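Following: one structure in structure tokens, then a few remarks.
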Amino acid sequence: MQEPANAQTSSLHHAVVFEKSYSKNLLVSPVRRYVLAFMSRSSEDWAANVAVLEAAAPKLHQKAHMVCIDIDVKEHVYLMNLFGIRPEDCPTYRFAVLTDRLVKYRPEQAQFTPHAVASFARAARKGDLKPHLLSQEPPADWDKLTVKRLVQRTFRDFVMDTRLCVFVYFYAPWCVHCQTFSSTWEAVAARCAHMQDVVFAQMDATQNEVEGQYIRCYPTIKCFRKGDNREVQFCEERTVEKLMQFVHTHSQASWLDSTVV
């Protein structure tokens with residue numbers, strides 16, 4: 048197995064072990080496609096699986112990087128979370144395309160043979176597979192609370208209901224700003240509980256991915272207006288007063304638009 052100083056070129060020819068020191072080279076490479084294999088270096092299968100990936104690398108014809116990620120490294124937990132991978136899922140692999148956003152693909156079965164790895168990567172690269180979107184299980188009482196708890200599988204049917212004006216708060220659990228803002232969101236929702244056809248929701252955007260909703264910063268607040276589902280993002284100071292103005296402006300606009308014949 049190759050462990051080079053310059054992963055930008057060698058990972059197009061060999062399986063390389065991911066290290067922070069050359070991660071920048073991978074990201075600035077003109078080839079922005081990656082096979083990412085998540086494996087434990089302490090596992091007895093490590094060497095055999097690396098050999099499989101090494102054999103598969105030439106089959107990619109320099110159209111994707113082949114990268115091994117050691118799940119025993121504490122700093123790699125964020126990559127596992129990004130792809131929704133648990134330690135018990137490993138060894139496994141994913142295909143990723145990085146442009147203005149990250150598109151991820153997951154095999155139905157992560158078979159460790161050169162043919163299986165290369166065939167999966169080829170199908171993902173050609174667009175023959177659907178991107179994999181993360182989703183949590185919906186809480187039992189997700190629609191009974193003042194602020195509805197959305198997940199990927201409940202998002203579209205709920206938010207795209209044209210009978211409602213829906214305000215959604217996209218958050219990340221690790222975000223300090225979100226941790227501070229959550230109580231403000233609850234307060235605004237409580238103040239607006241009497242408003243007809245106006246509902247509030249929130250969703251962990253790190254564990255729930257919705258096609259067309261590419262959240263780049265946290266917290267992100269959006270309104271999906273009644274009648275036309277027009278999407279409006281909140282860009283003011285995150286205070287109760289500013290949020291109330293936002294709610295009144297867009298819920299009223301939704302109502303006015305829906306009454307026009």
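Residue 107 in my numbering is what sits at position 60 of the sequence shown, and the numbering runs on without skipping anything. Just so you know, even glycine gets a beta-carbon here, dropped at the ideal spot from N, CA and C. The structure presented is a predicted model; accordingly, all values stated were derived computationally and were not measured.
To which residues does DSSP link Lys195 through a beta bridge? Taking the sequence shown and counting its residues from 1, one reaches residue 195 at position 148. Per DSSP, Ala248.
Using three-state DSSP, classify Cys137 as helix, strand or coil. What you label residue 137 is simply residue 90 of the sequence shown in a count that begins at 1. The three-state secondary structure of Cys137, taken from DSSP, is coil.
Inspect the beta-carbon positions of Leu192 and Val235 and report whether they are closer than 8 Å. Against the sequence shown, residue 192 aligns to sequence position 145. Against the sequence shown, residue 235 aligns to sequence position 188. No, these two residues do not count as a Cβ contact at 8 Å.
Roughly how many whole angstroms lie between the Cα atoms of Glu233 and Arg169? As a first step, residue 233 is located in the sequence shown; it is residue number 186 there, counting from the start. As a first step, residue 169 is located in the sequence shown; it is residue number 122 there, counting from the start. Glu233 and Arg169 have their C-alpha atoms some 46 Å from each other.
Could you tell me the boundaries of the beta strand (DSSP E) in which Cys115 lies? Translated into positions along the sequence shown, residue 115 becomes position 68. Start and end: 112-117.
Under the rule that 16 or more other beta-carbon atoms within 10 Å means buried, what is Met207, buried or exposed? Here the question's residue 207 lines up with position 160 in the sequence shown. Looking at its Cβ environment, which holds fewer than 16 other Cβ atoms inside 10 Å, Met207 is exposed.
With the cut-off set at 8 Å, would you say Asp3 and Ser89 are in Cβ contact? No answer is possible for residue 3: the residues shown for the chain start at 48 and end at 308.
Thr139 versus Ala94: straight-line alpha-carbon distance, rounded: Residue numbering aside, residue 139 sits at position 92 when the sequence shown is read from its first letter. Residue numbering aside, residue 94 sits at position 47 when the sequence shown is read from its first letter. In a straight line, the C-alpha of Thr139 is about 14 Å away from that of Ala94.
Beta bridge counterpart(s) of Tyr218 as assigned by DSSP: Counting from 1 along the sequence shown, the entry for residue 218 is found at position 171. Asp251, per the DSSP bridge assignment.
Indicate whether Ala165 and Leu107 have their beta-carbon atoms separated by less than 8 Å. As a working note, residue 165 is residue 118 in the sequence shown. As a working note, residue 107 is residue 60 in the sequence shown. Result yes, Cβ atoms of Ala165 and Leu107 sit closer than 8 Å.
Taking 7 Å as the cut-off, does the CB of Val213 come closer than this to any heavy atom belonging to the ligand SAM? With respect to the ligand SAM, the structure shown offers nothing to examine, as it has no ligands at all.
Does the distance from the C-beta atom of Met250 to that of Phe202 stay below 8 Å? As a working mapping, residue 250 is identified with position 203 in the sequence shown. As a working mapping, residue 202 is identified with position 155 in the sequence shown. Phe202 sits close to Met250, with the two beta carbons spaced by under 8 Å.
Check this for me: beta carbons of Asp244 and Cys212, under 8 Å apart or not? Translated into positions along the sequence shown, residue 244 becomes position 197. Translated into positions along the sequence shown, residue 212 becomes position 165. Yes.
Apart from the five residues just before and just after Phe214, which ones in its own chain have a Cβ nearer than 6 Å to its Cβ? For the purposes of this step, residue 214 is identified with residue 167 of the sequence shown, where counting begins at 1. Here the set comprises Phe247, Cys270.
C-beta atoms of Met113 and Val82 nearer than 8 Å: Here residue 113 refers to the residue found at position 66 when the sequence shown is read from its first residue. Here residue 82 refers to the residue found at position 35 when the sequence shown is read from its first residue. Yes.
Count the other C-beta atoms from every protein chain shown that fall within 10 angstroms of the C-beta of Ser68, then say buried if there are 16 or more, exposed otherwise. By 1-based counting over the sequence shown, the position of residue 68 is 21. Ser68 sits exposed, since fewer than 16 C-beta atoms from the chains shown fall within 10 Å of its C-beta.
Please classify Thr227 as buried or exposed, where buried requires at least 16 other C-beta atoms within 10 Å of its C-beta. Taking the first residue of the sequence shown as 1, we reach residue 227 at position 180. Of the residues assessed, Thr227 falls on the exposed side of the cut-off, its CB having fewer than 16 other CB atoms within 10 angstroms.
Using only the alpha-carbon positions, how far apart do Pro134 and Asp117 sit? Here residue 134 refers to the residue found at position 87 of the sequence shown. Here residue 117 refers to the residue found at position 70 of the sequence shown. Cα to Cα, Pro134 sits roughly 11 Å from Asp117.
By DSSP's criteria, Leu83 is part of a beta bridge. Which residues make up the other side? The count along the sequence shown starts at 1 and reaches residue 83 at position 36. Val114, Arg141.
On the criterion of 16 or more Cβ atoms from any shown chain inside 10 Å, does Tyr261 qualify as buried, or is it exposed? To locate residue 261, count along the sequence shown from 1; it is residue 214. Looking at its Cβ environment, which holds fewer than 16 other Cβ atoms inside 10 Å, Tyr261 is exposed.
Roughly how many angstroms lie between the CA atoms of Ala52 and Asn72, to the nearest whole one? Within the sequence shown, residue 52 is the residue found at index 5, counting from 1. Within the sequence shown, residue 72 is the residue found at index 25, counting from 1. Annotation note: pLDDT 40 at Ala52 (below 50); position unreliable, no value reported.
What residues in its chain sit with their C-beta under 6 Å from that of Phe167, if we drop five residues either side in the sequence? Counted from its first residue, the sequence shown places residue 167 at position 120. Cβ within range, chain order: Pro154.
Which residues in the same chain as Val330 place their Cβ atom closer than 6 Å to its Cβ, once the five residues preceding and following it in sequence are excluded? Since the first and last residues shown for the chain are 48 and 308, residue 330 lies out of range.
DSSP three-state label for Val279, please. Locating residue 279 in the sequence shown gives position 232, counting from the first residue. In this structure, DSSP gives Val279 an extended state, which the three-state scheme calls strand.
What span of residues does the beta strand (DSSP E) with Thr267 cover, start to end? Locating residue 267 in the sequence shown gives position 220, where the first residue counts as 1. It spans 267-271 - the beta strand (DSSP E) in which Thr267 sits, taken as one unbroken run.
Taking only the alpha-carbon atoms, compute the straight-line gap between Gln49 and Pro161 and give it to the nearest angstrom. Here residue 49 refers to the residue found at position 2 of the sequence shown. Here residue 161 refers to the residue found at position 114 of the sequence shown. Its pLDDT being 44, under 50, Gln49 is placed unreliably in this model, and the coordinates cannot settle the point.
Residue range of the beta strand (DSSP E) that includes Lys151: Looking up residue 151 in the sequence shown gives position 104. Its beta strand (DSSP E) spans residues 149-152.
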